[in-house]
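Numbering (UniProt numbering), first residue to last: 1 to 895.
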DNA sequence: CTCTCCCTT
């Protein structure tokens with residue numbers, strides 16, 4: 001390649017810049033702007049340096065171009081038929097929306113079409129998938145079709161695994177990875193194309209990315225964006241990406257699916273003996289639908305959608321009792337042990353009835369399904385801004401979701417879908433499922449936006465803007481964590497929190513743990529809270545699992561369960577082979593995969609912390625404690641546990657991230673949580689049978705009740721120091737304290753309505769100086785309950801006493817002026833900030849020296865204090881001494 | 001006396 005020629009003028013270099021790698025273009029452009037060509041020659045070092053850099057970038061692009069393999073398509077796939085059109089549209093438009101059903105081949109073919117359109121040279125073609133497994137299998141498939149080993153031309157990256165090389169042309173990844181990359185490279189300069197696949201799923205990651213990309217397109221006019229989605233709601237995407245009046249083209253690609261017959265079979269209702277209309281229960285409805293299908297075809301596999309594990313178990317029970325011939329019942333849900341999940345992919349001689357949660361709707365594709373039974377319900381997660389808790393209500397699925405379920409049986413042959421509701425019911429349902437961004441807490445998204453300086457959240461181009469109250473709640477949560485200040489600005493701690501790849505509240509625990517010297521312990525717990533529960537339990541193994549897990553339980557806290565388990569497992573992990581480790585997991589009812597993720601996440605956190613300058617030390621030594629047997633006697637068995645001292649430090653750290661999750665025991669079973677919520681300890685908790693006064697809940701989720709999972713016993717006094725910005729103080733009964741010479745009061749503190757401190761004695765002066773000043777003057781000075789030797793005060797007191805004595809003597813209490821007048825006298829002359837004896841004396845002593853006239857004015861006079869003068873004759877009637885006949889004189893006191 | 005699913009610097 002020829003070297004770059006010295007230009008006649010600067011602008012001659014611009015076409016060349018467009019050939020450079022996208023990642024270099026910006027810096028090259030900027031350094032070019034700084035060069036002054038009137039001062040430069042071909043031999044100038046500044047020019048030579050620039051030209052060399054541009055040269056390297058051009059060569060890299062050239063190298064990449066040479067690596068583009070020969071592209072072939074499977075012409076049986078519907079996308080392949082539209083290849084020419086798509087290549088043209090991608091060349092001519094910045095954004096293209098492609099709609100296609102499953103079986104259209106869009107996911108695997110579009111990245112290849114992009115290559116053919118000349119993309120992937122100046123930067124990678126980035127292709128996102130919602131799930132890790134999909135990222136892996138999609139990249140494997142494309143690599144195979146391009147005849148290149150995985151990790152060369154095509155690679156993939158998911159959490160904990162990066163199989164992409166600098167020279168790779170296509171990078172498949174989860175949308176979470178791309179979102180994370182934005183934080184290090186706001187302009188996504190390593191890509192020249194971004195494909196967002198499955199955009200119709202509208203996960204929070206996808207919605208956030210679509211907003212970021214919309215902003216980015218204005219700055220990276222060279223970037224191509226392709227949105228692919230099922231054939232629903234494509235116009236919404238086109239509208240979102242309409243820039244300067246230019247609407248992106250929408251291309252529809254047909255799917256390759258088989259017809260599915262739709263049958264509506266609403267649950268029957270009947271009248272009971274009392275004449276009430278009763279609806280048939282869902283399980284019977286399902287069983288009847290299976291009978292209907294069995295009558296027509298006793299062999300085709302059936303997929304039944306259920307809302308949860310419990311319903312699956314119930315339905316399985318009913319079906320088993322029906323003794324269906326040649327039938328195998330297979331439960332399926334995400335929490336199921338891996339080996340049990342694998343059963344779904346094994347074909348069987350028998351007809352299979354798969355009872356599944358929503359995993360089978362999108363996440364898992366079960367081969368060979370002929371029939372679908374859809375009760376039309378789903379358990380969905382909704383964050384309630386009002387009660388600040390996550391709820392898991394059962395709701396009717398949307399039309400889009402019902403159609404997706406129906407499509408699960410038309411993949412290999414014709415199918416039948418039975419809906420357990422009628423057509424009118426279907427038509428009355430919402431068209432689309434509420435996108436996740438409308439259903440989840442926004443703290444994480446808002447924190448990322450603050451960190452990236454993405455501007456006003458209210459004005460961010462979300463495809464569907466979240467409600468203002470939910471945005472405000474996100475700000476509130478981040479303020480609670482101390483990640484944002486009251487003006488919604490990122491705090492230094494917020495910056496640290498944002499840098500950790502975990503939920504902000506969990507990240508806060510970690511940041512706090514560093515201050516408390518228990519970072520090693522808390523990252524283990526934080527990682528455990530961030531992955532799926534490593535316990536592998538189902539209905540049948542429940543009892544045995546509980547016994548096995550009892551070893552790791554700690555009566556103080558469920559969080560310590562994780563630490564104990566870690567302590568045990570880490571030791572084994574270092575010494576056992578992978579095979580033996582798998583077995584160990586199995587016998588201990590643990591998921592090997594999740595235990596591995598737990599370990600990997602802990603390591604990842606350690607690395608992230610290192611980057612923000614925090615070093616993770618060793619785990620604190622476990623103390624040994626003798627177990628107490630049922631008779632209350634210390635047994636020979638020794639239990640290892642974290643010392644109380646370390647446990648307190650750990651839980652204080654956890655508390656910092658969970659200030660809204662403290663609860664006080666209310667009655668025998670329930671607890672009172674923040675904002676007067678009533679909650680219950682989840683039966684899986686080690687604290688379920690204990691009745692501590694205060695608990696800290698790892699999470700609060702409302703299902704049948706509001707349940708607290710992962711709980712710890714806490715000392716409520718820890719809250720005060722951590723929640724200074726949240727607690728509310730109230731003061732009662734302010735009073736003068738003679739002995740201390742200060743104003744005291746009783747202080748009560750609440751956090752979200754919970755009584756953290758009640759009637760604690762406190763020094764009231766600094767809290768309410770105005771009121772304390774009044775009390776000081778009234779009780780200390782006027783009533784004389786101040787013991788001070790300051791001259792004017794001693795004098796004034798003596799004077800008052802003298803007059804009082806006079807009143808007693810004369811039996812006429814009308815000489816001394818009202819207290820109110822004395823109060824005014826002092827109030828006018830003593831500075832407002834004086835409300836205690838020490839402050840009073842310090843001020844007076846100084847004033848005596850520096851401003852004696854000020855002190856002089858504080859000497860009361862008889863004239864001021866006396867309402868009237870006592871007449872001489874009156875005084876004679878009440879002598880101070882009495883002379884008894886020819887003897888002694890006595891002093892006389894009058895009372 | 002028991003919670004759907006997915007993702008990360």
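Using N, Cα and C, we set each Cβ at its ideal position, and we do this for glycine too.
Nothing here was measured: the structure is a model prediction, and the numbers come from that model.
Where the alpha helix (DSSP H) containing residue i begins and where it ends
{"i": "residue 779", "result": "Here residue 779 belongs to no alpha helix (DSSP H), and DSSP marks it neither H nor E."}
{"i": "residue 424", "result": "423-428"}
{"i": "residue 177", "result": "175-182"}
{"i": "residue 744", "result": "Residue 744 -> not in any alpha helix (DSSP H); beta strand (DSSP E) instead, spanning 742-751."}
{"i": "residue 282", "result": "282-296"}
{"i": "residue 79", "result": "78-81"}
Endpoints, beta strand (DSSP E) assigned at residue i
{"i": "residue 264", "result": "260-264"}
{"i": "residue 731", "result": "728-737"}
{"i": "residue 898", "result": "Missing from the structure shown is residue 898; the chain here goes from 1 to 895 and no further."}
{"i": "residue 680", "result": "678-681"}
{"i": "residue 415", "result": "415-419"}
{"i": "residue 251", "result": "250-253"}
{"i": "residue 305", "result": "301-305"}
{"i": "residue 26", "result": "That residue, residue 26, is in no beta strand (DSSP E); its alpha helix (DSSP H) goes 22-34."}
{"i": "residue 759", "result": "754-763"}
{"i": "residue 269", "result": "269-271"}
{"i": "residue 644", "result": "Here residue 644 belongs to no beta strand (DSSP E); instead the alpha helix (DSSP H) covers 644-657."}
{"i": "residue 279", "result": "277-279"}
Distance between beta carbons of residue j and residue i, contact taken as under 8 Å
{"i": "residue 216", "j": "residue 307", "result": "That pair is no contact at about 39 Å."}
{"i": "residue 332", "j": "residue 356", "result": "4 Å"}
{"i": "residue 101", "j": "residue 362", "result": "That belief does not hold up - the Cβ atoms of residue 101 and residue 362 are roughly 13 Å apart, past 8 Å."}
{"i": "residue 541", "j": "residue 589", "result": "6 Å"}
{"i": "residue 126", "j": "residue 75", "result": "Not quite, the Cβ-Cβ distance comes to about 27 Å (not below 8 Å), so this is no contact."}
{"i": "residue 109", "j": "residue 73", "result": "6 Å"}
{"i": "residue 816", "j": "residue 804", "result": "6 Å"}
Simplified DSSP assignment, three categories, for residue i
{"i": "residue 343", "result": "helix"}
{"i": "residue 92", "result": "helix"}
{"i": "residue 622", "result": "strand"}
{"i": "residue 146", "result": "coil"}
{"i": "residue 129", "result": "strand"}
{"i": "residue 639", "result": "strand"}
{"i": "residue 859", "result": "coil"}
{"i": "residue 817", "result": "coil"}
{"i": "residue 840", "result": "helix"}
{"i": "residue 473", "result": "helix"}
{"i": "residue 165", "result": "coil"}
{"i": "residue 445", "result": "helix"}
{"i": "residue 207", "result": "helix"}
{"i": "residue 671", "result": "strand"}
{"i": "residue 137", "result": "helix"}
{"i": "residue 224", "result": "strand"}
{"i": "residue 229", "result": "strand"}
{"i": "residue 810", "result": "helix"}
{"i": "residue 192", "result": "strand"}
{"i": "residue 43", "result": "coil"}
{"i": "residue 866", "result": "strand"}
{"i": "residue 902", "result": "A query on residue 902 cannot be resolved here, the shown segment of the chain reaching from 1 to 895 and no further."}
{"i": "residue 702", "result": "strand"}
{"i": "residue 889", "result": "strand"}
Sheet register partners of residue i (DSSP bridge)
{"i": "residue 907", "result": "Nothing can be reported for residue 907: it is not among the residues displayed for the chain, which extend from 1 to 895."}
{"i": "residue 775", "result": "BP columns for residue 775 are empty, so no partner."}
{"i": "residue 696", "result": "662, 712"}
{"i": "residue 155", "result": "171"}
{"i": "residue 835", "result": "Answer by DSSP bridge pairing: none, since residue 835 is not bridged."}
{"i": "residue 246", "result": "243"}
{"i": "residue 379", "result": "394"}
{"i": "residue 707", "result": "680, 701"}
Complete alpha helix (DSSP H) runs within the stretch 322-377 (minimum length 4 residues, chain order):
Correct list: 338-342, 359-362.
Every unbroken alpha helix (DSSP H) inside the stretch 487-569 [4 residues or more]:
492-498, 504-516, 519-530, 542-550
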